[in-house]
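What follows is one structure encoded as structure tokens, with my remarks underneath.
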Amino acid sequence: MTTECTSSTGLVLHHLELSRSNRILFLLEELQVPYTLKTYRRDAVTRLAGPDLKSIHPLGRSPVLTDGALTIIETNNIISHLLTHYYNPERVSLGPKLGEKTQESIDVGGWIEFAEASVMLHGIALFYAIQGGAGSQDGTAPVEKVGARGLKADLEYLEARLKQNRGVLVKGFEFTSADCAMVYSIDIVGRILGTRSEEWRKNLGLEIGQETKKWMERCMQRAGFRAAVRKEGVKEGEEGDWLGKFFNPNPPAGVGERRRRSRFRPCIDLHEGVVKQIVGATLTDSDSTLKTNFVATHPPAYFAQLYRKYNLTGGHVIKLGPRNDEAATCAVQAWLQGLHVGGGITGDNAQEWLEKGAEKVIVTSWLFPGCRFCVDRLKELSSKVGKENVVVDVSCRKRGDKWLVAMNRWQDMTDMEVNQTSLDLLSQYCGEFLIHAADVEGLCQGIDQELVKRLGEWVKLPTTYAGGARDRGDLELVDRLSKGKVDLTFGSALDIFGGKGVTLEELVRWNAEADKK
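So in the working numbering, spot 87 of the sequence shown is number 240, and the numbers just go up one at a time.
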């Protein structure tokens with residue numbers, strides 16, 4: 154169905170309702186040039202364009218602008234055409250003209266391209282993944298993680314530039330044509346994020362910053378924006394919610410309803426520079442008490458390359474005591490950005506390990522000077538390297554009916570109990586948790602079921618449990634007890650570490666099936 158608003162000019166905008174064509178509407182209103190608007194309605198069920206738009210554009214896409222005998226397609230091409238031929242700075246103020254040899258003009262062009270080629274590219278790709286059923290409830294689906302990386306960087310970049318420029322996109326200009334292009338992109342991204350849970354957004358680090366929100370509000374208060382969205386049929390005073398008809402605040406039926414499944418996470422435990430599997434309770438300052446289940450003949454890089462071969466992501470390299478730095482370096486450099494590194498991580502050396510090739514750093518002992526938790530240290534680390542690059546290791550031992558965080562090779566008890574309150578506090582400054590149940594670590598006698606169940610109730614971030622796993626049945630148990638919120642590491646029971654409980658091949662197959670579901 155098509156509706157038409159006519160004017161005396163040769164400009165005709167073929168506009169699909171509730172689409173990126175809105176930015177052209179906004180720009181035309183700001184340019185104050187007459188134009189004819191032909192609006193094409195979406196199908197009430199599929200929300201796609203109808204066949205009438207395909208008579209204008211073979212692909213059925215909007216916007217399409219005709220200027221007399223000329224037909225212009227693609228959003229940024231249309232913006233360029235309008236600014237080149239219809240922008241008169243003596244009549245309206247939309248910042249520098251395109252094509253001038255000034256930084257401000259270059260910035261206008263840059264933001265226009267950024268709106269489509271970065272923000273929309275990343276945002277719509279993520280939206281399609283969600284709509285296609287590949288998403289999850291908690292942001293742990295691989296396709297979501299990949300899609301979120303670019304979008305997170307885009308949003309952080311915009312927020313930083315707005316702060317730097319005192320709230321405006323282009324320094325020295327309250328409003329430019331670039332704002333017309335950008336506001337739609339950020340608005341639709343906000344709507345996409347609004348269809349997901351707070352846990353999902355938090356796990357992926359996706360949020361629209363405060364400066365960005367203020368900037369959007371100013372753009373939406375402009376007369377040009379209000380006029381543009383009223384042509385969408387939005388009532389006076391409801392312009393800020395103009396996309397509400399397209400984006401339901403709840404996910405569409407069937408999207409994101411399939412529960413995530415727990416996955417296998419690999420490990421490389423290093424002791425005296427060698428890959429070993431050790432009974433956790435025997436790990437002390439004295440080697441005389443040490444009980445070892447396995448000592449590798451292969452170097453650490455061998456295991457890293459093996460995990461890389463099978464794309465077993467999120468694995469951890471743990472340095473158990475001194476003289477392990479060289480071995481850990483070899484492991485992370487065998488799979489750059491593929492492994493997390495822990496053991497002796499501090500605010501001073503965390504960035505160094507990331508630069509060596511670690512995907513994330515794992516920290517425990519440094520957060521507990523004198524065995525007392527210091528939130529300022531965690532804030533410092535998060536600020537230095539980014540919370541998404543920090544894994545807090547809350548490995549613990551049970552004392553009575555509580556689990557207390559244990560540090561220094563799990564020998565020293567801290568003042569922190571592992572519970573909902575502590576995990577919520579920590580999650581403000583990290584992107585992931587690692588939890589060894591030290592009392593059962595290395596025993597191959599079964600997981601701490603009560604702890605895993607509690608973690609499933611408490612955690613809102615990606616979480617890996619280690620300790621006691623003996624066969625694939627324990628992975629199924631972790632999946633059931635935690636409702637898929639907690640992943641599991643196998644050590645001494647795994648065939649590549651001399652174990653007989655489960656093979657790496659079995660776990661690779663499990664992960665492949667989990668990714669499909």
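Backbone N, C-alpha and C define an ideal beta-carbon position, used for all residues, glycine too.
My output table needs one value for residue i: the three-state DSSP class, helix, strand or coil.
i    : result
F399 : Confidence at F399 is low in this model, with a pLDDT of 49, below 50, so its placement is unreliable and the value that follows should be read with caution. It is coil, neither helix nor strand.
I209 : coil
Y618 : strand
E243 : coil
A222 : coil
K324 : coil
K367 : helix
I431 : strand
D478 : helix
K316 : helix
D755 : A query on residue 755 cannot be resolved here, the shown segment of the chain reaching from 154 to 670 and no further.
Locate the beta strand (DSSP E) running through residue i, then write down its first and last residues.
i    : result
M566 : D565 to E570
N446 : T445 to V448
V661 : From DSSP, V661 is part of no beta strand (DSSP E) but of the alpha helix (DSSP H) over L657 to K669.
W488 : Counting along the chain, W488 falls outside any beta strand (DSSP E), and DSSP gives it neither H nor E.
D422 : C420 to H424
L557 : K555 to M560
The alpha helix (DSSP H) with residue i in it runs from where to where?
i    : result
Q733 : Because residue 733 is not part of the residues shown, which for the chain are 154 to 670, the question remains open.
A270 : From DSSP, A270 is part of no alpha helix (DSSP H); its letter is neither H nor E.
A646 : Looking at the DSSP string, A646 is not in any alpha helix (DSSP H), and its letter there is neither H nor E.
G377 : A376 to R383
V612 : First-last for V612: undefined, no H or E at that position.
K638 : No alpha helix (DSSP H) contains K638, which DSSP labels as neither H nor E.
L112 : Because residue 112 is not part of the residues shown, which for the chain are 154 to 670, the question remains open.
R552 : No alpha helix (DSSP H) holds R552; the beta strand (DSSP E) holding it covers C549 to R552.
K472 : Unbroken run through K472 is the beta strand (DSSP E), G468 to K472; no alpha helix (DSSP H).
L459 : P453 to K462
Once you ignore the five residues that flank residue i on each side, which residues in its own chain have a CB closer than 6 Å to its CB?
i    : result
V217 : H167, I209, H210 and I226
E658 : none
W506 : V494 and V514
F521 : M560 and T567
I649 : L657
R418 : G467, G468, T617, D640 and T642
G292 : W353, N356 and L357
E585 : V544, L614 and P615
G510 : V485, Q486 and L489
Quick check on the burial criterion: 16 or more other C-beta atoms within 10 angstroms. Buried or exposed for residue i?
i    : result
P405 : Residue confidence is low: P405 scores 40 on pLDDT, short of 50, so the model does not pin down where it sits. No coordinate-derived value is stated.
N175 : buried
G285 : exposed
N664 : buried
Y337 : buried
E249 : In the sequence as displayed, the identity of residue 249 is Pro instead of Glu. Result: buried.
R173 : buried
S535 : buried
E297 : buried
H238 : exposed
Q290 : buried
A591 : buried
G626 : exposed
Y240 : buried
T348 : buried
D577 : exposed
N542 : buried
T255 : exposed
P242 : exposed
Using a Cβ-Cβ cutoff of less than 8 Å, which residues in the same chain neighbour residue i once the five nearest sequence positions on both sides are dropped?
i    : result
E392 : Its pLDDT being 46, under 50, E392 is placed unreliably by the model, and nothing is read from it.
K669 : none
Q573 : E610 and W611
V602 : Sequence inspection shows Gln at residue 602; the Val mentioned does not correspond to that position. Only L630 and L634 meet the Cβ criterion.
N401 : Legend: pLDDT at N401 = 47, less than 50; position of this residue unreliable, no value from coordinates given.
Looking only at its chain, what residues have a beta carbon closer than 7 Å to the beta carbon of residue i, apart from the 5 residues adjacent to it on each side?
i    : result
S645 : Q430, N446, F447, G595, C597 and G652
Q504 : K537 and V538
E629 : none
G262 : L251
Y463 : V661
K555 : E570
G637 : R412, R413, R414 and S415
From the beta carbon of residue i, is the nearest beta carbon of chain C less than 8 Å away?
i    : result
R344 : Structure shown: chain C not included; a single protein chain is present.
Mind listing, in chain order, the continuous alpha helix (DSSP H) runs of no fewer than 4 residues lying wholly within the region 329–361?
-> 330–347 and 351–357
At which residue ranges does the region 156–195 contain complete beta strand (DSSP E) runs of 3 or more residues, listed in the order of the chain?
-> 164–169 and 189–193
Could I get the ranges of all uninterrupted alpha helix (DSSP H) runs contained in the region 572–610, with 4 residues as the minimum, in chain order?
-> 573–580
Considering only residues of the region 501–544, which uninterrupted beta strand (DSSP E) runs meet the minimum length of 3 residues and lie entirely inside it, listed in chain order?
-> 513–516
Write down every uninterrupted run of the beta strand (DSSP E) in the region 266–311 whose length is 3 residues or greater and which is fully enclosed by it, in chain order.
-> none
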